[in-house]
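These notes concern the structure reproduced below.
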Amino acid sequence: MEIIPNKGAMVCSFSIDDVWDIYDLRAVLEGYAARRAASKISSNELQYLEKLAGEMERIIGVFSDHEEETRKLVSLNNEFHGTIVVASRNRRLERLVQSTVQLPLVFKAFFWYGPHERMISNHYHRQILKALRSGEAERAEILMREHVYEGRDFVIQALREEAR
């Protein structure tokens with residue numbers, strides 16, 4: 003859903019080309035952010051990422067309402083990724099990522115995710131966190147890119163199935 007001034011809320015639909023474009027930009031920008039963050043992240047930020055990762059792992063099946071659970075997961079996921087971008091210490095990069103990430107698309111992805119996809123996402127978060135903690139900049143970048151591409155591939159497959 004997108005809020006448009008003087009028009010209200012509108013449901014956003016994304017084409018497969020939109021998904022390719024958005025996720026390709028996210029992979030480059032967030033990968034670069036993870037690379038930079040590996041040498042700049044604070045211990046408090048690492049602890050916060052650890053907390054967020056744990057919350058995402060524990061949330062599965064906690065809510066009786068799938069939409070409510072999805073909203074919480076999207077919020078935690080956005081906070082996780084946003085913390086890494088902030089830890090890159092590059093304000094321009096932060097603004098670029100904010101303008102690229104489409105929360106309605108992220109919500110749609112998480113809404114479609116089953117337990118297997120959530121497990122994969124959580125695994126990537128743990129691996130990215132491990133690379134950040136050990137200061138492995140190249141590994142953090144590669145893992146973040148793979149994580150974003152994994153999400154892209156899933157969303158494209160789901161859009162194709164929905165179109166059938």
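Note that the sequence shown covers residues 3 to 166 in my numbering. Yeah, the Cβ is synthetic: ideal placement off N, Cα and C, and Gly gets one too.
For the alpha helix (DSSP H) holding residue i, just list the boundary residues, first then last.
| i | result |
| --- | --- |
| Glu32 | Ile18 to Lys42 |
| Val88 | His68 to Ala89 |
| Ser136 | No alpha helix (DSSP H) holds Ser136; DSSP gives it neither H nor E. |
| Gln49 | Ser45 to Arg60 |
| Phe109 | Leu105 to Trp114 |
| Arg94 | Arg93 to Thr102 |
If you check the beta carbons only, do residue i and residue j fall under 8 Å apart?
| i | j | result |
| --- | --- | --- |
| Gly55 | Trp114 | Strictly speaking, residue 55 in this sequence is Ala, with Gly absent from that position. For Ala55 and Trp114, no; Cβs fall outside 8 Å. |
| Val108 | Asn80 | yes |
| Ile61 | Lys74 | yes |
| Glu152 | Tyr126 | yes |
| Ile18 | Ile122 | no |
| Arg154 | Val103 | no |
| Glu47 | Thr72 | no |
Rounded to the nearest angstrom, what separates residue i and residue j at their Cα positions?
| i | j | result |
| --- | --- | --- |
| Arg37 | Val30 | 11 Å |
| Ala142 | Glu52 | 15 Å |
| His68 | Leu105 | 17 Å |
| Ala165 | Val21 | 14 Å |
| His149 | Ala39 | 16 Å |
| Ala35 | Leu95 | 7 Å |
| Ser101 | Ile24 | 10 Å |
| His118 | Val76 | 16 Å |
| Leu145 | Phe65 | 29 Å |
| Met58 | Lys132 | 16 Å |
| Ala111 | Leu134 | 25 Å |
| Arg97 | His83 | 13 Å |
| Asp26 | Gln49 | 29 Å |
| Gly116 | Ala139 | 30 Å |
| Glu32 | Gln129 | 15 Å |
| Phe156 | Phe16 | 14 Å |
| Asn124 | Arg147 | 15 Å |
Can you confirm whether the region 42-58 touches the region 80-93 when touching is taken to mean that 3 or more C-beta pairs between the two stretches lie within less than 8 Å? Taking one beta carbon from each stretch, the region 80-93 and the region 42-58 have 3 or more pairs nearer than 8 Å; the two touch.
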